[in-house]
Each structure stands twice: as C-alpha cells, then as structure tokens.
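One structure below.
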Amino acid sequence: MTEPVTDPVIEARGLTRRFGDLTAVDALDLTVEPRTIYGFLGPNGCGKTTTVRMLTGLLTPSAGRVRVLGHQLPRDAERLKRQIGYMTQKFSLYDDLTVAENLGFVAEIYGLGHRVARQRIDALLSTYALEPMRNRRAGRMSGGQRQRLALAAATIHEPALLFLDEPTSAVDPENRRDFWERLFDLVDAGASILVSTHYMDEAERCHRLAIMESGHKRADGSPDELMAAMGAQVVEVEAPNLRALKQRLSALPEVISAAQLGSRLRVLVADRIHDPVAWLRTQPLEPVPTALESARPSLEDVFVTSTGSHVGTGGQRA
Amino acid sequence: MSALLQSVRRVLAILSKELTQLRRDRTTLGMVIMIPLIQLVLFGYAINTNVRHIPAALVDQANTGLSRALTEAVEATQVVRFTERYVDIPAAQDAIVQGRVRAAFIIPPDLSQRVARSGSVGAGLATPPSTDEQTSRPVAQWIVDGSDTMIAGAIKGLRAMPLTELLRRPANRTTPTFAVALFFNPEQRSAINIVPGLVAVILTMTMVMFTSAAIVRESERGNMEMLINTPVRPLELMLGKIVPYIGIGLVQTAIILLLGHLIFGVPLQGSPLALAVATLAFIGASLALGLVLSTIATSQLQAMQMTVFILLPSILLSGFMFPYEGMPVPAQYIAEVLPATHFMRMIRAVMLRDAGLTEVAGDSLWLLGFTLAGLLVASLRFKKRLD
Ligand SMILES: Nc1ncnc2c1ncn2[C@@H]1O[C@H](COP(=O)(O)OP(=O)(O)OP(=O)(O)O)[C@@H](O)[C@H]1O
Ligand SMILES: [Mg+2]
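Residue numbers (the numbering used here), protein chains in the order written: chain A, 113 to 430; chain B, -18 to 368.
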C-alpha cells in the first residue's frame, strides 16, 4: 500500500458527534498535511478524544465526511487499521504482561514476521529506553515509562499516520523533550502525527495546531501564525498590589485578560488599541503601575484570547 | 503470507496472551482446581436421595414389651431415628411445628389387641385382608411434616412394613406384586448418579463464567480501545478467547471423574472416546454461550449475574436434581435448550449405561451446532466500534 505523498493525510468536513443532547464535537473542519505534527490543544472535555476516535474509525460520526489516508470513514475503517497507530489517552496495553510480551502480542496481531518482530522490538526497546525493563510487567512501571511503552506499541508496525491522545500527561518535562525528539524522528522517517495535548510547550512544537473549545475549533494555524494573528497585544505590568490592579484591569472592556505571573501581571489588550503601553498609562489605575513593558505573545496568550470569555474580541476563528 | 495464515497467527497471538494472563492469575487458576475438587467432595457426600435417619418423636401410649419391640423394629429400618419422646400427641405435634422433629410415631394404648387382631387373620399389615372394619385397623399411626415430599415419601414407605419378626412368624409371608431388578446401580448409591451430573454442573459454572467475563474484562480494564484498533477480526478474537478454556474444561472433567472413581467408586462403563466427544461438545457449547453473554454484559458483575441465570436452570432442569421425564412438557422444552441437559443425558449414558459413540451422536451434534451458532452470534454482535 502506498501512502499518498501530497494529499492531506486527514481531511474532515463538518465532523460532528453528539451524545444524546450533548454535542461533543461540532462541525469540525480539519486538514492534516503529510509529514507534519498536527496539535490538538484544548481544555478537559472539549472533544479531543472524541475527535481522535472518529478519525481512527472507532466512533461513528453523527454528521460530516472524513477521509483518512484516502480511506472513507467509517466505511473503510478496517482497511485503515494497518496503516495507523493509536496511542490511547488511558493506558490500554496489558498490565499483567511484561514489556516484551506486550510488544510481542501487538507485533503478532499486526502480522509481523517473527524475525522482523524481534528486530522491531529490540529497536523500539532501545529507542524508548525500555531495554532495562524488558521483563517488567506494564502494571508495575511508572506513568512515564508506560507512556513510552504505549508509543513503542503504537509504532511497532511503522504506521503512516499516528494518533497520540495526550501522550505525555504523565511524563516529566525532561523526558517530555526526549519524547518529542522521538516524534520528530518518526516524522523524518515519513510519518504524520496528530497529537492532542493541553501543554502549551508541547503545542508550540507542533507544525500546525487547532485550538478546541467545547466541541468547536476556535483557531487553526502554525504557532507563529496564531501568535501573529492573535488580535491582542501583550503588556507586562509591575505594581505594588497586583491583585487589586488585576481586578481594575479586568473590568476594562479593552483588556481581554490579566493573569499574574510571579511578580508581574500579563495583560492582553485588544488589537484596536494602537499603543497599549501608552494607553494603559493614560488609564486611571489604582494602584499605579511601577513598570509597563510590551512583551512577545506566547501560545498561552493565543489560547486565552481564542477560548476565554472574551472570545468575541479577537483570534483567527475557524 | 496468505490471509488464512495471518488469521491463524492472530488467533494464536490472542490465545497465548490469554494463557499468559491466566498463568499469572493465581486466584483463577486456583479456582480451576479447587471448584471441582470441593464441589465433588461436598455434593458427592451431601446429596443423598435415599432418605435416612429422619429425626422423629415417639409417643408410646401402650408402653409394653410389644410396643418397645415395635419401636426397635421401626428404628432398625434406619429411615427414622427417635430423638424425642412425649407422653401425649399434642406435644409431639408441637415438636413437628417447631421443626425439632419431622415426624411422630404414635403407638395407641390398645396396641396388643390391634396386633392380635391383625395377626388372627394371618397376614401382615401389607395386605389388610377382608372387609372387616376391625381387623383392617392399622396397629399404629405416623404424623408427618409433609412439606418435604422426599421425607413424606420415605415414611410412607414404612406403611407396608412387615411385622413378621414382631409376630414371630416366618418371613416372606407377603409376596410383592412386582419383581424389580435394578440395573446399573444395584446398591442404589446416589453418588453414582450425582458424580457424572456434577461434571455438567461444574463445567457449566466454570466455562460460562470464564468466557462471559472474557470480552467485558477487556473493556473494563481499558484494553478494548487498543484491541479494536488493530486488524484483529471478531471471530479470531472469539476463538483465541475460548480455546485455552477447552483445556481447562478437560482438566476439570478429569479431576471430577478420577476422584469420583477413587472416592465414590463411580465406574466408566461406556467408551472413553464417546465420553471425550460428549465432553468436548459440551465444553464448546458452554464456552460459546459464555461468549454470547460477554457481548451483552457491560460489566464483569453483569456477566456474573448472567452466569447464575444460566447455572440455576442447568442445575434444576437438566435432570441433575430431578428426573427430566418427570417435568412438565414446557419445562422440558426449556431444558432442551440448555447444553447441560444434553450433556447430562450423554455422560450418564456413557458412564453408567455402557453407551458408545452412536448413542451420544445426536446430542453431540446438537451441542456442536449450538457451539457454532454461539460463536457466530458472538462474532456478529461484537462490533469493533465504541458506539
Ligand atoms: N461515550 C460517551 N457518552 C457520552 N458522553 C461522552 C462520551 N464520550 C465523551 N463524552 C462527552 O463528550 C465530551 C468530550 O469528551 P472528550 O473525551 O472528547 O474530551 P477530551 O477533550 O478528550 O477531554 P480530556 O482532556 O479530559 O481528555 C465530554 O463532555 C464528555 O463528557
Ligand atoms: Mg481526552
């Protein structure tokens, strides 16, 4: 089977899933280009897992059209299975099997030949630093170790497209960097990846990302594009009583949000104000800020502007 | 690699995974051995359809040498054991109501006259002669707690007790109407009938229980989402899940029959091949039934409840407890659907009545059909979807 080289690996139009009255995913449009890491950023319950399940063919959409690797879903879900890997949010390998047994089982199920399977397992064990715990039962490993095992299992058949649902929720920042190095290695080897997360630092590493909120896509683009098109400017403010100042600032309609970061306030001001630092100086603030400085927008700022209660004031809407 | 070979490899992968998990699950493994062991010993000894030593009360209003001889003669039958003695009938009735005794034996004050009268016509009680009201009066009376029909039946059996010894007459004065020759279990030991039946009951319990949890367990432990994302097919999953338990079923059968032979002297009269065929067919049917339940249940607890739902009729309607022929026809129809009924018939035929392959062919084929249908239904019901 050949992977389409230039066609999008995922194309969804109007993808919708309802559970009774609740619309978990609402008319989602999604395009994922080959050999990219596409991020899915959003708070708890916004529909990330539901979307991934529809894209892997495990859930039937209530409405919408989906093509994944050229296969129409849900009709051709079975044919898709060999070409995709899926790392579930909850650990789904067997707790009572060892690392090697789990990988061996998955290799057999995917029909890898015995020799190939052995080579793949050895390679994966060393890639994901699991060699020392080859014979440890999965249930007795730490959360981060288990997530590395799950990634190894999801990639054992060298899928063209990989779905990772919050793959690093239990991984410490140090190991998370290593984990992402491995993801980039996979992309270099020709794979495409869709990864859901609620970590900003992870989202920032994606080639492209979608920001989700309660089933809707609020923004879609590369991290730089999103920051450039944020529709808000960032000012960092220092003052004696930050909590009181924060309340005053939040009351202003032009201020999208004000969040305390250590000894400073990070204030997002709507784009219609031309010079936010000068504008803030003219405001009758109590207490009076001791320092005002404009700052570079971060992805977190994008997230706040596109999902917060002030959503109407900015952000590139989908 | 051909598609079939791939398919076989996936079945083997599931199978060896199940075996590994089973090996690590000490509790379940223990149950595999202990359930047949304990139940065999327990039921083999406890279930006794020959009622003996029923606790009874004695009201001896005659209190003569003759009445004491009569009491001894009744106790010598071993059907009852006199645990209480009362002077009047109401006290004995109270004892029955309170459940201290199941029956009361009342010897009237005029026992000697009654015995003399019955003796004067030269016949035992079994054949009350003539039309004479006086001479046909029984010598004593039983009051019985009739709620348990088995106990009542046993005491009714005493009605025709010969009094030859009591009357110092030569035995065999009464000629039975029928001659009865008991084939296959001449000593009338319950264990002979119970032990083969136990194989059916225990296998129903363990086989249905194991597989009814097999699929839901994957869901409950969160493994299902991974499993259904792989190329594994439903039928492959089902086969891989049940094959390990066929071995377990055979081991359990061997334990029960071996111990049944050693402890209770239960023979194997028929052909071992017929026994193997019948057992395999029954194991297959029970496992397939469990799998179907497993695709219906949404939790292991539900699976367990469904197992009990199957187990009870398998004990009560299959012929294990009560003769199949004695049940009303609608109950017989229900019983026919249960795999245990077919197996009960076969294993008793093979073990106790020297039956061979031809005798078990019909029921075995029925169970084989049941197995295939079960597998098919379970595979069709199993969806590789989360919705
Ligand atoms: N099977 C289901 N039945 C009913 N409601 C469901 C089901 N699955 C998900 N939901 C609901 O759909 C919404 C989206 O759930 P989903 O699991 O997709 O969120 P998520 O973005 O993955 O959240 P998290 O970050 O916590 O994993 C939630 O409100 C959830 O309660
Ligand atoms: Mg989720």
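Where a beta carbon is used, it is the ideal one built from N, C-alpha and C, also for glycine.
Problem set entry | Buried versus exposed call for residue 186(B) [16 or more other C-beta atoms within 10 Å across all chains shown] | Sequence index remark: in the second sequence, residue 186(B) carries index 205 (1-based). Residue 186(B) comes out buried.
Problem set entry | Contacts around residue 199(A), its chain only, beta-carbon distance under 6 Å, and the 5 residues preceding and following it disregarded | On the first sequence, residue 199(A) is found 87 positions in, with the first residue counted as 1. 262, 263, 266, 276 and 279.
Exercise. Say the cut is 7 Å; is the CB of residue 278(A) nearer than that to a heavy atom of ligand 2?
Worked result: Looking up residue 278(A) in the first sequence gives position 166. Yes, Cβ of residue 278(A) sits closer than 7 Å to a heavy atom of ligand 2.
Exercise. Where DSSP assigns a beta bridge to residue 10(B), which residues make up the other side?
Worked result: Working through the second sequence from its first residue, we reach residue 10(B) at position 29. According to DSSP, which records beta bridges pairwise, residue 10(B) is partnered with nothing at all.
Exercise. How long is the line joining the alpha carbons of residue 355(A) and residue 393(A), rounded to whole angstroms?
Worked result: Position 243 of the first sequence, counted from the first residue, corresponds to residue 355(A). Position 281 of the first sequence, counted from the first residue, corresponds to residue 393(A). Looking at the two C-alpha atoms, the distance is approximately 18 Å.
For this session: Under 8 Å Cβ to Cβ from residue 341(B), same chain only, skipping five residues before and after it: list those, please.
Result: What you label residue 341(B) is simply residue 360 of the second sequence in a count that begins at 1. If we look at residue 341(B) and ignore the five residues flanking it on each side, its Cβ neighbours are 255, 258, 259, 327, 330 and 331.
For this session: Would you identify the three-state DSSP class for residue 225(A), choosing helix, strand or coil?
Result: On the first sequence, position 113 is the one that residue 225(A) refers to. Coil.
For this session: Return the CA-CA distance between residue 25(B) and residue 228(B), expressed in angstroms with no decimal places.
Result: In the second sequence, residue 25(B) corresponds to position 44, counting from 1. In the second sequence, residue 228(B) corresponds to position 247, counting from 1. Approximately 24 Å between the Cα atoms of the pair.
Exercise. So what does residue 275(A) bridge to, in DSSP terms?
Worked result: As a position in the first sequence, residue 275(A) is number 163, starting the count at 1. Partner(s): 198(A) and 306(A).
Problem set entry | Beta carbon of residue 21(B) nearer than 8 Å to that of residue 179(B) | Here residue 21(B) refers to the residue found at position 40 when the second sequence is read from its first residue. Here residue 179(B) refers to the residue found at position 198 when the second sequence is read from its first residue. Residue 179(B) is positioned such that its CB atom lies closer than 8 Å to that of residue 21(B).
Problem set entry | Cβ-based neighbour list, residue 362(A), same chain, cut-off 8 Å, excluding 5 preceding and 5 following | Translated into positions along the first sequence, residue 362(A) becomes position 250. Within the same chain, residue 362(A) has close Cβ partners 369 and 370.
For this session: Note down, in chain order, every chain A residue with its Cβ under 7 Å from the Cβ of residue -6(B).
Result: One-based indexing of the second sequence puts residue -6(B) at position 13. Under the 7 Å cutoff, chain A gives 217, 220 and 221.
Exercise. Is it the case that the Cβ atoms of residue 213(B) and residue -9(B) are separated by a distance below 8 Å?
Worked result: Against the second sequence, residue 213(B) aligns to sequence position 232. Against the second sequence, residue -9(B) aligns to sequence position 10. Contact flag set, yes.
Problem set entry | Range of the contiguous beta strand (DSSP E) that encloses residue 345(A) | Here residue 345(A) is taken as the residue at index 233 of the first sequence, counted from 1. Per DSSP, residue 345(A) belongs to the beta strand (DSSP E) from 344 to 350.
Problem set entry | Contact list for residue 405(B) against chain A, beta-carbon separation under 9 Å | This structure gives no information on residue 405(B), because the portion of chain B shown stretches from -18 to 368.
For this session: Give the single residue among 125(B), 280(B) and 183(B) whose Cα lies nearest to the Cα of residue 197(B).
Result: Against the second sequence, residue 197(B) aligns to sequence position 216. Closest option to residue 197(B), Cα to Cα, is 280(B).
Exercise. What does residue 419(A) reach in chain B if we use C-beta pairs closer than 8 Å?
Worked result: Looking up residue 419(A) in the first sequence gives position 307. Result: empty, since nearest Cβ-Cβ is about 27 Å, beyond 8 Å.
Exercise. In whole angstroms, what is the alpha-carbon distance linking residue 204(A) and residue 328(A)?
Worked result: Counting from one through the first sequence, the residue named residue 204(A) turns up at place 92. Counting from one through the first sequence, the residue named residue 328(A) turns up at place 216. Cα-Cα distance, rounded: 28 Å.
Exercise. For the candidate residues 72(B), 194(B), 333(B) and 83(B), whose alpha-carbon lies nearest to that of residue 289(B)?
Worked result: Taking the second sequence and counting its residues from 1, the one referred to as residue 289(B) is at position 308. Among 72(B), 194(B), 333(B) and 83(B), the Cα nearest to that of residue 289(B) belongs to 194(B).
Problem set entry | Where residue 213(B) meets chain A, residues with beta-carbon distance less than 7 Å | As a working mapping, residue 213(B) is identified with position 232 in the second sequence. From the beta-carbon of residue 213(B), the residues of chain A found nearer than 7 Å are 221.
Exercise. Which residues mark the beginning and the end of the beta strand (DSSP E) in which residue 329(A) is found?
Worked result: Here residue 329(A) corresponds to residue number 217 of the first sequence, with the count starting at 1. 328 to 333 is the span of the beta strand (DSSP E), which, as asked, contains residue 329(A).
Exercise. Excluding five sequence neighbours on each side, which residues of the same chain lie with their C-beta closer than 6 Å to the C-beta of residue 125(B)?
Worked result: Translated into positions along the second sequence, residue 125(B) becomes position 144. 84, 133 and 136.
Exercise. Is the shortest distance between the beta-carbon of residue 177(A) and the beta-carbons of chain B less than 8 Å?
Worked result: The residue you call residue 177(A) lines up with position 65 of the first sequence. Not a single C-beta of chain B is nearer than 8 Å to the C-beta of residue 177(A).
Exercise. Is residue 138(A) helix, strand or coil by DSSP?
Worked result: Counting from 1 along the first sequence, the entry for residue 138(A) is found at position 26. DSSP places residue 138(A) in the strand class (E or B) of the three-state scheme.
For this session: Could you have a look at residue 150(A) and say whether DSSP puts it in helix, strand or coil?
Result: The residue labelled residue 150(A) in the question sits at position 38 within the first sequence. Residue 150(A) carries a strand assignment under DSSP once its states are collapsed to helix, strand and coil.
Problem set entry | Near ligand 2: residue 172(A) beta-carbon under 7 Å from a heavy atom | In the first sequence, residue 172(A) corresponds to position 60, counting from 1. Outside the cutoff, so no.
For this session: Return yes when the C-beta of residue 201(A) is under 7 Å from any heavy atom of ligand 2, and no when it is not.
Result: For the purposes of this step, residue 201(A) is taken as residue 89 along the first sequence, with counting starting at 1. Within the cutoff, so yes.
For this session: Quick one: give me the first and last residue of the alpha helix (DSSP H) that residue 206(B) is part of.
Result: Numbered from its first residue, the second sequence carries residue 206(B) at position 225. From DSSP, the alpha helix (DSSP H) with residue 206(B) extends over 205 to 208.
For this session: Give a yes or no on contact between the region 219 to 237 of chain B and the region -10 to 8 of chain B, applying the rule of three or more CB pairs nearer than 8 Å.
Result: yes
Exercise. Whose C-beta lies closer than 8 Å to the C-beta of residue 66(B) among residues of the same chain, with five residues either side of it excluded?
Worked result: The residue you call residue 66(B) lines up with position 85 of the second sequence. Contacts found: 38, 39, 40 and 41.
Exercise. With a cut-off of 8 Å, does the C-beta of residue 223(B) fall near any C-beta of chain A?
Worked result: Within the second sequence, the letter at position 242 stands for residue 223(B). With 8 Å as the cut-off, residue 223(B) does not count as an interface residue toward chain A.
Problem set entry | Residues near ligand 1, criterion Cβ-heavy atom distance below 5 Å | 131(A), 136(A), 156(A), 157(A), 158(A), 159(A), 160(A), 161(A) and 162(A)
Exercise. Are the Cβ atoms of residue 217(A) and residue 323(A) separated by less than 8 Å?
Worked result: Against the first sequence, residue 217(A) aligns to sequence position 105. Against the first sequence, residue 323(A) aligns to sequence position 211. No, Cβ-Cβ distance for residue 217(A) and residue 323(A) is not below 8 Å.
Exercise. Counting Cβ pairs, one atom from each stretch, are 3 or more of them under 8 Å apart for the region 244 to 261 of chain A and the region 283 to 302 of chain A?
Worked result: yes
Exercise. What three-state label does DSSP hand residue 59(B) in the structure shown?
Worked result: Translated into positions along the second sequence, residue 59(B) becomes position 78. The three-state reading of DSSP puts residue 59(B) in coil, since its state is none of H, G, I, E or B.
Exercise. From the beta carbon of residue 198(A), is the nearest beta carbon of chain B less than 8 Å away?
Worked result: Within the first sequence, the letter at position 86 stands for residue 198(A). It does; some Cβ of chain B falls within 8 Å.
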